[in-house]
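Read top to bottom, the protein sequences are chains V and Y.
Position 12 of the first sequence, counting from 1, maps to 17 under the numbering used here, and the rest follow consecutively.
Position 30 of the second sequence, counting from 1, maps to 35 under the numbering used here, and the rest follow consecutively.
Number of protein chains: 2
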Amino acid sequence: MNENLFLSSSCLIERTLKSVGDQWSILILRDAHSGIRRFDELRKSLGIAPSMLTKRLAMLTEAGLLEKKRYSERPPRDEYVLTEAGCDFLPVLFMIGAWGRKHRGGGQIVRFFDAQTGTEINAVAIDETTGCPIGSREIRVVLPE
Amino acid sequence: MNENLFLSSSCLIERTLKSVGDQWSILILRDAHSGIRRFDELRKSLGIAPSMLTKRLAMLTEAGLLEKKRYSERPPRDEYVLTEAGCDFLPVLFMIGAWGRKHRGGGQIVRFFDAQTGTEINAVAIDETTGCPIGSREIRVVLPE
């Protein structure tokens with residue numbers, strides 16, 4: 006991983022986007038979270054050109070969100086497993102989905118439930134310290150010195 | 006807004022990404038949230054080619070996240086103001102930043118504080134119903150029938 010590339014900006018949003026910068030990468034992570042981890046399955050699920058998929062899998066692996074694991078020796082075949090950093094992307098995916106639920110809702114949609122309580126998941130981002138939803142209070146920005 | 010385009014997928018993540026699909030669009034929304042709303046300011050802040058910026062501002066306006074408002078008649082000049090849908094993107098931005106903080110931290114970074122308490126904001130996505138962090142419990146996926 007080229008650390009300089011990721012750390013050159015002082016904006017954490019920009020640093021993240023350098024690893025997971027486009028629609029395809031985000032959808033690959035979504036699929037990996039749903040258990041779709043093999044090249045052909047990803048290609049089919051996403052309807053993506055093989056060369057585009059190869060490039061993005063290499064990028065996500067290089068960025069440390071996916072890890073290549075061989076599941077067959079003959080023929081040689083790999084699958085792409087989420088790393089801890091990849092797993093940590095789930096809250097981002099849920100918040101992207103929460104925006105869609107509010108502003109692009111309606112019609113047939115995939116829904117997510119808490120397996121234990123059976124209630125539908127309603128993802129909200131809060132500030133852990135105050136407990137208040139992000140955007141509900143005034144924010145002070147401090148630039149690096 | 007072409008509703009069919011946005012609603013054709015049953016995945017809310019995909020629907021969102023069709024509106025805010027690339028790195029530039031997300032960074033434009035970040036800047037709009039910081040009060041950077043004029044073409045030349047955005048161009049300077051992002052270091053983006055004018056034609057690319059024009060295209061993305063049109064896309065975000067069409068998707069209903071930004072609204073064009075004239076601030077000068079002579080010469081004619083517009084600024085791009087966040088709509089309610091654009092404001093609602095802030096939690097997504099914070100969660101993208103939270104991932105960066107954990108996995109791309111270090112060095113000089115822009116930091117965000119609660120203006121009232123003075124404490125640094127630590128964004129966490131929770132399920133509002135259970136109160137538990139997203140990813141800490143088993144999830145059941147229900148596909149549309």
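C-beta atoms are modelled at their ideal positions from N, C-alpha and C, and glycine is treated no differently.
Practice task
Quick one: give me the first and last residue of the alpha helix (DSSP H) that G35/V is part of.
Solution key: Note on identity: in this sequence residue 35/V is Arg, with Gly being the wrong assignment. Start and end: 28-38.
Exercise for the section: For Y76/V, count neighbouring C-beta atoms within 10 Å of its own C-beta (all shown protein chains included) and say buried if the count is 16 or more, exposed if not. Expected result: exposed
Handout entry: K74/V: contacting residues in chain Y (beta-carbon distance under 8 Å)
Key = The premise fails here: K74/V is roughly 20 Å from chain Y at the closest Cβ pair, so nothing lies under 8 Å.
Exercise for the section: Express the C-alpha separation of G140/Y and A120/V in angstroms, rounding to a whole number. Expected result: 12 Å
Practice task
With distances taken Cα to Cα, identify the nearest neighbour of L47/Y among G26/Y, Y85/Y, E72/Y, T135/Y.
Solution key: Y85/Y
Exercise for the section: Using three-state DSSP, classify V146/V as helix, strand or coil. Expected result: strand
Problem - V147/V at chain Y interface by Cβ criterion, 8 Å - result: yes
Handout entry: Bridge-paired residues (DSSP) for Y85/V
Key = K73/V
Problem - C-beta neighbour in chain Y for E143/V, strict 8 Å - result: yes
Practice task
Identify whether F99/Y lies in helix, strand or coil by the three-state DSSP scheme.
Solution key: helix
Exercise for the section: Given a cut-off of 8 Å, decide if M64/V and S30/V are closer than it, judged by their beta-carbon atoms. Expected result: yes
Problem - Opposing strand residues paired with E125/V [DSSP bridges] - result: F118/V
Practice task
On the DSSP bridge assignment, give the partners of P138/V in chain order.
Solution key: I131/V
Handout entry: T135/Y versus R79/V: straight-line alpha-carbon distance, rounded
Key = 46 Å
Exercise for the section: Name the two residues that bound the continuous alpha helix (DSSP H) containing I53/V. Expected result: Premise fails: I53/V is in no alpha helix (DSSP H) and is neither H nor E.
Exercise for the section: State the Cα-Cα distance for the pair F99/V and I18/Y, rounded to the nearest angstrom. Expected result: 8 Å
Exercise for the section: Alpha carbon to alpha carbon, how far is S39/V from L70/Y? Give it in angstroms, no decimals. Expected result: 29 Å
Handout entry: C-beta neighbour in chain V for I101/Y, strict 8 Å
Key = yes
Practice task
Work out the CA separation of W104/Y and D93/V for me, nearest whole Å.
Solution key: 7 Å
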